[in-house]
Ligand code: TYD
Ligand code: MG
């Protein structure tokens, strides 16, 4: 008789299951991500409403009736405000009742702090919240809470990692919102592998989905992101939850960005900006002002660009340093933006404008440590490079945006009007933009528009 299989190999990134070990995951194409784990006996999957789905008997199936659109009622006040306008916008207007939200981010970035502050605001609004921590003791939570401020609402805490007990507590307490901090510390008794393993993380999320959909409790899950190591990255959770938010920022900078990567109840490209202070996180209402603080005046290689993040324009400073190469191979780095894009733009300058950049080292940096990849930054990167190369500063009241094509043409970008408005708001006087966009923004007063159709024209304005 064949021996029953007791272990299988799972991909840490996407959860793919294989009977034998493979160097590369066939599903997500990542290398070296398969780990051996005990296999679970097959359980029935769970359906959208948290009810068991799968093979049903004929009698059961006879009772199922599809609904017409007119029979579906949308409940009033489906969303719970988080008290932070920045976060509400990313969520699409607040936390949806009965939804599963994953908040991912590096350890120590401030996920627990953010969620504790959200809990405080939500309970101030008269809602009931249960915060379950598998990482910290009640004392540690209290210490953090003391830094943040005073708490008055119906907020209770539980230190527990056994999800089967947690489920019973949630069923008994019936909070409006439950926080699970973090998914990597949680375990289910009926799953043999260790907490944090692929199997545990997947089954734990399954159970939390049943809780969310079945009881109508909004569940916020914290997930640590680690590329290597035993902890299963929350990437494979992204398929299971309704909303995925990433909390990011540089360790040495005080601002934090919350970014929506997936949202079944709203758009995904919105960001919210926060600043980590010693009394918790504070919203940054005007990120452009924040990003341009302390900008050098009349320095060559520094230009101000405008990037759209969802519906919001953000001004930021792009710095370039171009210097002669000491060794044969020129060095290029791009901090905060796409390295390959910078290389491409330098090739365009070399070929179309005859600048000898192949002998030059080039360093591009988005000041403040923000990460932006919009093609609308192209023209600003080009002008920053040339400004540094020629050692000619771009006037400090000038803002630049536009996409650059391979033949050196400057192409239209979306939402030009919003970008220019933001620039006017911050006191900029001149805007270099794609010629085709000028028509659309002509009616804005207080700023001189310079439309350019190719890179050479734009460089002409540098002198
Ligand atoms: P934390 O929320 O514990 O991070 P995570 O849950 O993502 O691991 O935040 C930890 C960091 O934030 C820690 O370095 C201390 C800092 N912090 C502040 O700067 N100000 C504060 O008010 C709080 C509560 C934390
Ligand atoms: Mg934490």
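In this note's numbering, the protein residues as written are 6 to 468. Even for Gly, the Cβ is constructed at its ideal location relative to N, Cα and C. Just so you know, these numbers come straight off a predicted model, no measurement behind them.
Is residue i near the ligand TYD, judged by its Cβ being under 6 Å from some heavy atom?
| i | result |
| --- | --- |
| residue 144 | no |
| residue 109 | no |
| residue 166 | no |
| residue 117 | yes |
| residue 281 | yes |
| residue 380 | no |
| residue 114 | yes |
| residue 285 | yes |
| residue 337 | no |
| residue 125 | no |
| residue 152 | yes |
| residue 149 | yes |
If you drop the 5 nearest sequence neighbours on each side, which residues of the same chain put their C-beta closer than 7 Å to that of residue i?
| i | result |
| --- | --- |
| residue 375 | 296, 321 and 341 |
| residue 303 | 398 and 401 |
| residue 259 | 280 and 281 |
| residue 168 | 191, 192, 193, 209 and 212 |
| residue 37 | 28 |
| residue 429 | 449, 451 and 452 |
| residue 178 | 135 |
| residue 164 | 138, 142 and 143 |
Thinking just about the alpha-carbon of each residue, which of the options is nearest to the one in residue i?
| i | options | result |
| --- | --- | --- |
| residue 278 | 272, 270, 271 and 287 | 287 |
| residue 111 | 87, 284 and 187 | 187 |
| residue 315 | 275, 336 and 353 | 275 |
| residue 162 | 94, 152, 145 and 154 | 145 |
| residue 91 | 444, 264 and 449 | 264 |
| residue 219 | 273, 200, 136 and 176 | 176 |
| residue 326 | 317, 339, 319 and 333 | 339 |
| residue 310 | 433, 132 and 140 | 433 |
| residue 459 | 396, 449, 362 and 353 | 353 |
| residue 269 | 249, 344 and 410 | 249 |
| residue 148 | 284, 96 and 73 | 284 |
| residue 417 | 289, 457 and 135 | 457 |
| residue 195 | 184, 207 and 185 | 207 |
| residue 171 | 131, 215, 153 and 201 | 215 |
| residue 102 | 87, 108 and 109 | 87 |
| residue 361 | 290, 329 and 369 | 329 |
| residue 223 | 124, 332 and 26 | 124 |
| residue 4 | 185, 150, 153 and 318 | No statement about residue 4 is possible, as the shown extent of the chain runs from 6 to 468 and does not include it. |
| residue 152 | 121, 292, 68 and 182 | 121 |
| residue 84 | 76, 78, 73 and 96 | 96 |
| residue 293 | 126, 323 and 68 | 323 |
| residue 185 | 139, 423 and 70 | 139 |
| residue 425 | 313, 271, 174 and 31 | 313 |
| residue 226 | 106, 289 and 132 | 106 |
Let me check you understand the geometry: is the CB of residue i closer than 6 Å to at least one non-hydrogen atom of the ligand MG?
| i | result |
| --- | --- |
| residue 62 | no |
Output needed for residue i: all residues of its chain with C-beta closer than 8 Å, excluding positions within five of it in sequence on either side, in chain order.
| i | result |
| --- | --- |
| residue 388 | 308, 399, 405, 437, 463, 464 and 467 |
| residue 421 | 406, 438, 439, 442, 445 and 446 |
| residue 10 | 24 and 44 |
| residue 203 | 15, 16, 17, 20, 40, 42, 237 and 241 |
| residue 54 | At residue 54, the pLDDT of 49 sits below 50, so the modelled position is not reliable; the number obtained from the coordinates is stated separately. 218 and 219, listed in sequence order. |
What residues match up with residue i in a beta bridge as DSSP calls it?
| i | result |
| --- | --- |
| residue 328 | 366 |
| residue 173 | DSSP, once it has assigned bridges, lists no residue as partnering residue 173. |
| residue 415 | 409 |
| residue 151 | Looking at the DSSP assignment, residue 151 forms no beta bridge with any residue, so it has no partner. |
| residue 186 | 138 |
| residue 16 | 39 |
| residue 307 | 324 |
| residue 340 | 370 |
| residue 455 | 437 |
| residue 382 | BP columns for residue 382 are empty, so no partner. |
| residue 164 | 138 |
| residue 29 | 36 |
| residue 314 | 317 |
| residue 128 | In the DSSP output, where bridge partners are listed per residue, residue 128 has none listed. |
| residue 23 | 14 |
Excluding the five sequence neighbours on either side, which residues of its own chain have a C-beta within less than 6 Å of the C-beta of residue i, listed in chain order?
| i | result |
| --- | --- |
| residue 373 | 296 |
| residue 336 | 366 |
| residue 158 | 128 and 129 |
| residue 119 | 286 |
Item to complete: Pair every Cβ in the segment 381 to 388 with every Cβ in the segment 402 to 416, then say whether three or more of these pairs are closer than 8 Å.
Response: yes
Worksheet item: Counting pairs of Cβ atoms below 8 Å between the segment 247 to 257 and the segment 104 to 120, do you hit three or more?
Response: Counting C-beta pairs closer than 8 Å gives three or more between the segment 247 to 257 and the segment 104 to 120, which meets the contact rule.
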